[in-house]
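Chains A and B supply the protein sequences, listed in that same order.
Just so we're aligned, residue 15 is where the first sequence starts under the working numbering, counting upward by one.
Just so we're aligned, residue 793 is where the second sequence starts under the working numbering, counting upward by one.
Built from N, CA and C at the ideal position, the CB exists for glycine as well.
Values in this document were obtained by computation on a predicted structure and should not be read as measured data.
Structure, as structure tokens:
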Amino acid sequence: MERTGAQILLECLRQEGVDSIFGFPGGAVIDIYHHLPDYPSLRHFLVRHEQGAIHAADGYARATGQVGVCLVTSGPGATNTVTGIATAYMDSIPVVIITGQVPTPLIGNDAFQEVDIVGISRPCVKHNYLVKDVKDLAWIIKQAFYLARTGRPGPVLVDLPKDVLQAKTLFEYPESISMRSYNPNLAPNRRQVRKATELLRRSQRPLVYSGGGVISSDAAEELTWLCRNLRIPVTSTLMGLGAFPGDDPLWLGMLGMHGTYAANMAVGHTDLLLAVGARFDDRVTGKISSFAPAAQVVHIDVDPTSIRKNVNVDVPIVADCRLALRGIREELEICPDLPDWNTVHQPWLDQLAEWQRNHPVRYTYADEPIKPQFVVEKIYELTKGEAIITTEVGQNQMWAAQFSRFHRPRTFLTSGGLGTMGYGFPAAIGAQVAFPDRLVIDIAGDGSIQMNIQEMATAVSYNIPVKIVILNNGYLGMVRQWQELFYARNYCATCMHLNPDFVKLAEAYGAAGFRVTKAADVERVLKEAFAVPGPAIVDVVVEPEENVYPMVPAGAALTDMLLV
Amino acid sequence: MRHVLSVLVENEPGVLSRVVGLFSGRGFNIETLNVGPTLEDGISLMTITTAGDEQIIEQIIKQLRKLVTVVKVVDLTHLQSVEREMVLIKVNAEDERRAEVLRIADIFRCKVVDVSGNDLTLEITGDQGKIRAIVNLLQRFGIKEFARTGTVAMRRSMQME
Ligand SMILES: Cc1ncc(C[n+]2csc(CCOP(=O)(O)OP(=O)(O)O)c2C)c(N)n1
Chain A
15 MERTGAQILL
25 ECLRQEGVDS
35 IFGFPGGAVI
45 DIYHHLPDYP
55 SLRHFLVRHE
65 QGAIHAADGY
75 ARATGQVGVC
85 LVTSGPGATN
95 TVTGIATAYM
105 DSIPVVIITG
115 QVPTPLIGND
125 AFQEVDIVGI
135 SRPCVKHNYL
145 VKDVKDLAWI
155 IKQAFYLART
165 GRPGPVLVDL
175 PKDVLQAKTL
185 FEYPESISMR
195 SYNPNLAPNR
205 RQVRKATELL
215 RRSQRPLVYS
225 GGGVISSDAA
235 EELTWLCRNL
245 RIPVTSTLMG
255 LGAFPGDDPL
265 WLGMLGMHGT
275 YAANMAVGHT
285 DLLLAVGARF
295 DDRVTGKISS
305 FAPAAQVVHI
315 DVDPTSIRKN
325 VNVDVPIVAD
335 CRLALRGIRE
345 ELEICPDLPD
355 WNTVHQPWLD
365 QLAEWQRNHP
375 VRYTYADEPI
385 KPQFVVEKIY
395 ELTKGEAIIT
405 TEVGQNQMWA
415 AQFSRFHRPR
425 TFLTSGGLGT
435 MGYGFPAAIG
445 AQVAFPDRLV
455 IDIAGDGSIQ
465 MNIQEMATAV
475 SYNIPVKIVI
485 LNNGYLGMVR
495 QWQELFYARN
505 YCATCMHLNP
515 DFVKLAEAYG
525 AAGFRVTKAA
535 DVERVLKEAF
545 AVPGPAIVDV
555 VVEPEENVYP
565 MVPAGAALTD
575 MLLV
Chain B
793 MRHVLSVLVE
803 NEPGVLSRVV
813 GLFSGRGFNI
823 ETLNVGPTLE
833 DGISLMTITT
843 AGDEQIIEQI
853 IKQLRKLVTV
863 VKVVDLTHLQ
873 SVEREMVLIK
883 VNAEDERRAE
893 VLRIADIFRC
903 KVVDVSGNDL
913 TLEITGDQGK
923 IRAIVNLLQR
933 FGIKEFARTG
943 TVAMRRSMQM
953 E
């Protein structure tokens with residue numbers, strides 16, 4: 015039986031195991047929407063802005079580890095996804111973006127709602143396709159999913175001209191893929207693994223620096239085994255939070271610009287840095303020449319371009335993080351004379367414990383105005399690390415990272431690489447769609463939340479019970495902080511005059527709205543909001559000029575921290 | 793340092809812009825770029841000359857390998873290789889100077905591919921050094937037009953020390 019391109023696409027999605035699609039229709043994709051009701055296993059969530067669709071697909075992917083799917087029309091629909099595509103690209107998140115395109119005979123004619131989205135998205139996708147013949151559609155979709163989820167994951171875009179969606183052919187879904195030009199290397203090189211193990215045996219002050227790659231390769235268990243058995247302290251990037259239990263005594267907290275004192279000092283003094291699935295981003299390293307000055311560096315990453323891009327590496331291991339860590343474990347298991355890790359590492363662990371004790375992340379409590387850190391602490395207390403937390407970008411994001419603890423991977427979803435304001439709320443919607451029974455909370459700033467607040471209509475219409483906690487400081491707080499510290503307090507364009515009444519705004523959409531102004535009420539109100547069956551906004555009026563500390567000024571060495 | 797990269801790619805629409813976009817997007821520079829189909833169906837060969845320190849070149853090569861449409865990348869710089877470029881030069885060659893231009897063309901084993909009353913068009917192949925030399929020599933006659941292909945290169949079968 016011949017089927018149209020639109021039907022073939024939907025059939026492919028079904029066979030890929032897709033259950034949720036986030037999208038927004040238009041003329042170019044109307045054929046897909048026409049057939050969508052014939053595929054009841056594909057739930058479609060109509061968002062209110064295409065940026066919401068791509069972030070929701072991304073949040074779904076981060077929360078589940080599955081490929082997220084987003085479907086939009088040509089031209090403006092496609093361009094509205096670009097920020098979200100770049101967000102997913104920077105954080106290596108597997109998403110497939112289906113865009114409509116004008117009919118092939120019109121391509122290049124400046125046709126109505128035509129845009130070269132394949133060209134526009136090229137620098138921020140793992141790969142993309144323009145499908146010119148319906149006969150190519152099935153294998154391209156197969157490849158798109160394969161590329162998105164394997165190797166270093168990432169977004170893959172497929173552009174579908176309207177006439178291709180309408181053309182008919184026999185459907186046959188390829189069983190497997192072979193691409194002569196794409197063969198990510200997953201297994202570690204034995205010799206390098208042995209070298210790494212040898213360095214571990216000799217090290218007195220080892221440190222694990224883990225990143226998002228540990229989460230995307232499902233390596234958390236292997237990482238935890240290694241650190242606990244060898245008694246190695248652990249720090250991680252923003253993206254790596256949750257891969258190592260946040261309540262373990264070996265956990266030092268995040269490193270980098272707003273990292274903990276102990277973590278940054280540990281980097282300054284370690285003799286062996288084991289970097290796993292992390293890419294030495296400049297927000298992490300600070301001044302590169304004084305990053306881990308005393309250390310030999312072992313770097314595990316599935317993407318060879320990450321290795322030696324910023325720092326020199328003594329033992330590069332190009333491999334899937336899980337396989338590499340398992341390789342090290344196997345190597346240790348056959349090693350005849352292992353040191354007594356407890357004895358060897360104890361002085362180092364004592365030193366770290368002292369740093370932690372003397373310089374914890376902290377703030378001064380006040381009842382009114384409420385301290386934003388207090389709110390994050392309360393959220394953690396109430397949820398005990400069981401909730402899925404998403405964040406917007408700015409101070410709210412850093413406080414969420416500093417004052418919560420994450421015990422499991424895929425419970426902290428944030429835009430790390432691109433730092434996209436407006437990410438948190440739609441991402442929370444995506445995560446909640448995947449896990450309808452879990453508590454999903456977006457920790458937001460009053461600035462960021464207004465970038466995709468329209469998705470409240472999506473949350474309400476599908477009863478997606480996401481909770482938004484706005485740390486409302488009346489400022490674009492993180493930028494204001496920079497202005498305060500480095501630009502002579504010139505608060506130009508960072509004061510959010512005339513914020514809307516967020517409680518009324520929630521109510522206008524049909525969600526629940528709460529406001530709290532005193533610390534004493536925070537717990538009660540949060541509980542109440544978490545208990546309402548649908549989506550809710552909690553507008554927490556916080557200290558307007560609170561800052562995120564510690565802070566390493568951009569370009570300074572990690573050990574040059576501004577403390578509270 | 794100057795590097796010559798030989799890059800095998802899937803011959804499909806957009807592949808050139810993927811490669812070029814990688815260079816421009818990361819602030820790398822391309823000196824010359826030459827593309828043509830190979831004998832294998834669906835595969836083209838690009839020869840790219842670029843310059844940078846070792847760390848930059850390593851990044852360029854890794855980034856190229858990461859592109860889904862790139863099949864193979866070889867850095868010919870540290871190998872024995874044959875490098876050639878073809879250049880067309882239209883040079884002033886009025887009456888009394890014509891003989892001299894032809895003599896130079898002869899020494900450099902150029903082909904004369906077009907003639908008019910006032911000028912000669914020469915075809916030259918060679919490595920960069922040879923081309924620089926003949927351009928130098930012809931400049932004093934006046935070069936009216938100049939077109940070059942960019943380097944094509946191939947590793948030599950025998951790799952002597
Ligand atoms: C889309 C986008 N535009 C601009 C920025 C620059 N930026 C980074 S943090 C920030 C302030 C965010 O303010 P708010 O959401 O109120 O959070 P706060 O820092 O106050 O917690 C801005 C404007 C950004 N990261 N993303």
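Quick check: the stretch 564-572 of chain A against the stretch 103-118 of chain A, are at least 3 beta-carbon pairs closer than 8 Å?
no
Between the C-alpha atoms of Glu212/A and Leu346/A, what's the straight-line distance to the nearest angstrom?
9 Å
Residue ranges of each beta strand (DSSP E) within the stretch 261-304 of chain A, 3 or longer
265-268 and 286-290
So, under 8 Å CB-CB, Gly431/A and Met104/A are touching, yes? Tell me the CB distance rounded to an integer number of Å.
3 Å
Report buried or exposed for Lys882/B, applying the criterion of at least 16 other Cβ atoms within 10 angstroms of its Cβ.
buried
Any heavy atom of ligand 1 within a distance shorter than 8 Å of the CB on Ile455/A?
no
State whether the stretch 410-424 of chain A contacts the stretch 449-460 of chain A, with contact taken as three or more CB pairs (one from each stretch) at a distance under 8 Å.
yes
Output, in sequence order along the chain, the residues in the stretch 849-861 of chain B whose CB is closer than 9 Å to any CB in chain D.
Looking at the structure shown, chain D is missing, and the protein chains on hand are A and B.
Does at least one heavy atom of ligand 1 sit under 8 Å from the Cβ of Gly408/A?
yes
State the start and end residues of the unbroken beta strand (DSSP E) segment that holds Phe938/B.
Ile935 to Arg940
If we call anything under 9 Å between Cβ atoms a contact, is Phe36/A one with Leu85/A?
yes
Measuring only from the beta carbon, is Ile384/A closer than 8 Å to any heavy atom that is part of ligand 1?
no
Would you mind sorting Asp52/A into buried or exposed? The rule is 16 or more other CB atoms within 10 Å of its CB.
exposed
Going by Cα to Cα distance, which pick from Asp911/B, Thr943/B, Gly817/B and Met946/B is closest to Leu930/B?
Asp911/B
Quick one: does Gly909/B have its CB under 9 Å from some CB of chain A?
no
Should Ser475/A be flagged as near chain B, meaning a C-beta pair shorter than 9 Å?
no
Would the C-beta of Thr249/A count as close to ligand 1, meaning under 8 Å from any of its heavy atoms?
no
Compute the distance between the beta-carbons of Thr917/B and Val905/B, then report whether it is under 9 Å.
no
Does the beta carbon of Val863/B sit closer than 9 Å to a beta carbon anywhere in chain A?
yes
Near Lys301/A, which residues of its chain fall below 7 Å by C-beta distance, leaving aside the five closest residues on each side in sequence?
Gly569, Ala570 and Ala571
Same chain, Cβ closer than 6 Å to Ala70/A, neighbours up to 5 away in sequence not counted:
Phe36, Pro440, Ile443 and Gly444
Every unbroken beta strand (DSSP E) within the stretch 201-228 of chain A, with a cutoff of 3 residues, ordered by chain:
220-224
Quick one: is Asn466/A buried, meaning 16 or more other Cβ sit within 10 Å of its Cβ, or exposed?
buried
Assuming Val61/A and Thr472/A form a contact by the criterion Cβ under 8 Å, report the distance between their Cβ atoms to the nearest whole angstrom.
5 Å
Touch check for the stretch 289-298 of chain A and the stretch 364-374 of chain A: three-plus C-beta pairs under 8 Å?
no
Member of Leu540/A, Pro549/A, Phe449/A and Lys518/A whose CA lies at the smallest distance from the CA of Ser475/A
Pro549/A
Coarse secondary structure for Arg494/A, derived from DSSP in three states:
helix
By DSSP, does Phe900/B sit in helix, in strand, or in coil?
coil
Compute every distance between the C-beta of Asn803/B and the non-hydrogen atoms of ligand 1, then say whether any falls below 8 Å.
no
Would Val148/A pass as a contact of Asp173/A if the rule is Cβ separation under 9 Å?
no
So, using beta-carbon positions, are Thr397/A and Leu337/A closer together than 9 Å?
no
At a Cβ cut of 8 Å, what residues of the stretch 809-838 of chain B count as close to chain A, listed as they run along the chain?
Ser809, Arg810, Gly813 and Gly817
8 Å Cβ shell around Gln872/B - same chain, five flanking residues per side excluded:
Arg947, Arg948, Met950, Gln951 and Met952
Rank Thr378/A, Leu499/A and Ser303/A by C-alpha distance to the C-alpha of Ala533/A and give the top, closest one.
Thr378/A
Can you tell me whether Asn561/A sits near ligand 1, meaning its C-beta is under 8 Å from at least one heavy atom of the ligand?
no
Ordered along the chain, which non-local residues of its own chain (more than five positions away) have a Cβ less than 7 Å from that of Asp317/A?
Arg166
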